Amino acid sequence: MRAVRIHQYGGTETLKLENITKPKINDDDILIAVRSAAINPVDWKIREGYLQAFIPYELPVTLGWDVAGIVVEVGSKVSEFNVGDEVFSRPNIARDGSYADYIAVKADEAVLKSPKLSFSEAAALPLAGITAWQCLVDVANVQPGQRVLIHAGAGGVGHLAIQIAKAKGATVIATASAANQDLLINLGADQAVDYAKSSLKEQIEPVDIVVDTMGGDVQKHSWELLKENGILVSVVDQPDEELAQAHNARAAFVFIEPSSRILKELNSLVEADLLKPLIEHHFTLETIVDAHLQSQSGRTRGKIVIDIN
Ligand SMILES: NC(=O)c1ccc[n+]([C@@H]2O[C@H](COP(=O)([O-])OP(=O)(O)OC[C@H]3O[C@@H](n4cnc5c(N)ncnc54)[C@H](OP(=O)(O)O)[C@@H]3O)[C@@H](O)[C@H]2O)c1
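Letter by letter, the sequence shown follows residues 1 to 309 of the UniProt record's numbering.
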C-alpha cells in the first residue's frame, strides 16, 4: 500500500511517499481503507521532532491522526463493526497514522460516521472536534447563556469550537484577522473580533470561558478578559497558575485523548445540523508537502484534507 512516512525528523523533505506492507491488525482493531485523512498542526510538529520527548516514536512512522474510511477487516474480539461500515476516528497518536491507503485502529477509537458527512468532512472532524469538545464541555462545563471567547475562530479547532459553544447555548465571541470576520459570523459567532484592530480588552466585555488555541501573548492578555471565577482552557501552553490566581480565575490545559464517546456527541450535533466542518484546502498523498506548508502558514481557514481513495 502507499503511505507517507518519515525516517528522520526535519523539514518537509523528510516526507516520503512509499510502498509498504499493509498493517496487520490486533484482536481489538479494525482495518480501515482510508478515503480521507486530515492535517493538523501536530503532524508537522511531530515531523519536526518537537514532540520527541513526549511521544518516543520508533522511526519510520506514518503521519496523520484523523481518518475516515471503510472497514475492510475486523479483529476477532471486535463485535461493534462489520466489513463495509463507514467510520471515522482520531486514533492513538503513538501508532502509525492515516496518510496511507490503510490504517489499523483500535475499534473503541472509531465510530460509524453520520451519513450527513462526506468522507472528507468526517476526516476533518475528529482531532479538532474532540479537542474543542474537551475544552468546552468536559473541562469548562459550558452552560447556556455563558460568554465564551474562542481565539483563532477561523482555524481547525476554533471553527468547530464556535459551533459547539453555540449548540450549548453560549454567547460566542471569536477572534480572527480582518479577512476572516465574515467567516466567524457565518459560523455562528455573536461577535467577531479583529485581533489586529485594537487591544482585545477594548473590544470584548468580560467572558466566562476562554478557549486558548494560540498561547504566548494571546494567553497572557486573556486573563484580564475573564470574569471572576472564569476559566481559561489552553491547548497550546500550560497556563500559569499564579496568573490565574492573581485574576481570581481558573486554568486548565487539554491534550486530546481518543474518545468514541465524544465522536458520538459530534455525530449527534451533525445530525441536528448544528455542526459542519469547513474544508478550504484539499491535497493528495502526492502533494503532502504543500499540505504541510499550508498548515505551517498559520493562516488556514477551517481544515486541510488529504483525499486518498
Ligand atoms: N493540546 C491539544 O490536544 C491540541 C489539539 C489540537 C490542536 N492543538 C494546537 O492548537 C493550535 C491550533 O490548532 P488549529 O488546528 O486550530 O490550527 P490552525 O487551523 O492552523 O489555525 C489557523 C488559524 O489561526 C488563526 N490565527 C493566527 N494567528 C492568530 C491570532 N493572533 N489570533 C487569532 N487567530 C489567529 C488564523 O486566522 P487568521 O488568518 O484570521 O489570523 C487561522 O485561521 C495549534 O498549535 C495546535 O497544535 C492542540
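The beta-carbon is built from N, C-alpha and C at its ideal position, and this holds for glycine as well.
None of these values were measured; they are calculated from a predicted model.
Notebook entry, point to check: When the Cα atoms are used, what is the spatial distance from VAL83 to VAL34?
Noted result: Rounded to the nearest angstrom, the two C-alpha atoms are 13 Å apart.
Next item on the list: Consult DSSP for GLY230 and reduce its assignment to one of helix, strand or coil.
Entry: If DSSP states are grouped into helix, strand and coil, GLY230 belongs with the strands.
Checklist line | Spatially closest choice to ILE209 from GLY230, ARG2 and ASP307, by CA coordinates | finding: When only C-alpha atoms are compared, the closest one is GLY230.
Notebook entry, point to check: ASN248: buried (16+ other C-beta within 10 angstroms of its C-beta) or exposed?
Noted result: When all chains shown are included, ASN248 counts as exposed.
Margin query: DSSP three-state label for THR171, please.
Written below: In the structure shown, THR171 adopts extended strand secondary structure according to DSSP, grouped into three states.
Margin query: So, does the region 280–298 touch the region 14–32, judging by three or more C-beta pairs under 8 Å?
Written below: Output reads yes: the region 14–32 touches the region 280–298.
Next item on the list: Assess, as a yes-or-no matter, whether the region 252–263 is touched by the region 67–76 under the definition of 3 or more beta carbon pairs within less than 8 Å.
Entry: In short, these stretches do not touch, since the Cβ pair count stays below three.
Notebook entry, point to check: Whole beta strand (DSSP E) runs in the region 177–244 with 3 or more residues, listed along the chain?
Noted result: Those beta strand (DSSP E) runs which fall completely within the region 177–244 and span 3+ residues are 191–194, 207–212 and 226–234.
Next item on the list: Run the CB neighbour count on GLY155, radius 10 Å, all protein chains shown included, and call it buried at 16 or more, exposed below.
Entry: When all chains shown are included, GLY155 counts as buried.
Item checked: CB of VAL193 within 7 Å of CB of ALA165, strictly -> VAL193 places its beta carbon 7 Å or farther from that of ALA165.
Check: Between which two residues does the beta strand (DSSP E) carrying ILE304 extend?
Finding: For ILE304, the uninterrupted beta strand (DSSP E) run begins and ends at 303–307, by DSSP.
Margin query: Considering Cα atoms alone, identify which of HIS292, MET214, GLN163 and LYS197 is closest to LEU274.
Written below: The shortest Cα separation from LEU274 among HIS292, MET214, GLN163 and LYS197 belongs to GLN163.
Next item on the list: Could you check what DSSP says for ASP29 in three-state terms: helix, strand or coil?
Entry: Residue state, collapsed to three classes: strand.
Notebook entry, point to check: Any idea what DSSP makes of ARG90, helix, strand or coil?
Noted result: DSSP places ARG90 in coil when its eight states are reduced to three.
Checklist line | Whole-angstrom distance between ALA107 and GLU80, CA atom to CA atom | finding: Each residue's Cα considered, the two are about 8 Å apart.
Next item on the list: Assign LEU59 to one of two classes, buried (16 or more other C-beta atoms within 10 Å of its C-beta) or exposed (fewer than that).
Entry: LEU59 is exposed by the Cβ-count criterion.
Next item on the list: Inspect the beta-carbon positions of VAL254 and VAL236 and report whether they are closer than 7 Å.
Entry: Cβ atoms of VAL254 and VAL236: not closer than 7 Å.
Item checked: C-alpha distance - GLU242 paired with VAL142, whole-angstrom precision -> A straight-line Cα-Cα distance of about 23 Å links GLU242 and VAL142.
Checklist line | Residue range of the unbroken beta strand (DSSP E) whose run includes HIS281 | finding: Where HIS281 is concerned, the enclosing beta strand (DSSP E) stretches over 279–283.
Notebook entry, point to check: With LYS303 and ALA38 assumed to form a contact (beta carbons below 8 Å), what rounded beta-carbon distance in angstroms separates them?
Noted result: The pair is a contact, with the Cβ atoms about 6 Å apart (cut-off 8 Å).
Next item on the list: For SER295, collect the residues of the same chain with a Cβ closer than 8 Å to its Cβ; drop the 5 residues on either side in sequence, then sort them by chain order.
Entry: Excluding residues up to 5 positions away in sequence, ILE39, ASN40, PRO41, ASP43, TRP44 and ILE304 lie with their Cβ nearer than 8 Å to the Cβ of SER295 in the same chain.
Check: Near LEU183, which residues of its chain fall below 6 Å by C-beta distance, leaving aside the five closest residues on each side in sequence?
Finding: In chain order, ALA154 place their CB closer than 6 Å to the CB of LEU183, counting only its own chain and leaving out the 5 sequence neighbours on each side.
Next item on the list: Ignore the nearest five residues each way along the sequence and tell me which others in ALA228's own chain have a CB closer than 8 Å to its CB.
Entry: Just to set this straight, residue 228 is Glu in the shown sequence, not Ala. Excluding residues within five positions, the ones whose Cβ falls inside 8 Å are ASN248 and ALA249.
Next item on the list: Taking only heavy atoms of ligand 1 into account, decide whether any of them is closer than 6 Å to the Cβ of MET1.
Entry: Distances between the C-beta of MET1 and the heavy atoms of ligand 1 are all 6 Å or more.
Note to self: Considering only their Cβ atoms, is the gap separating TRP223 from LEU127 smaller than 7 Å?
What the structure shows: No, the Cβ-Cβ distance between LEU127 and TRP223 is not below 7 Å.
Margin query: Can you list, in chain order, the residues of its chain with a C-beta nearer than 7 Å to that of ARG2? Leave out the 5 residues immediately preceding and following it.
Written below: Closer than 7 Å at Cβ, skipping near neighbours: LEU17, ASN19, ALA100, ASP101 and LEU285.
Margin query: If you follow the alpha helix (DSSP H) that LEU293 is in, where does it begin and where does it stop?
Written below: In the DSSP assignment, LEU293 falls within the unbroken alpha helix (DSSP H) covering 288–296.
Check: Anyone know if the C-beta pair for ALA161 and MET214 falls short of 7 Å?
Finding: 7 Å or more divides the Cβ of ALA161 from the Cβ of MET214.
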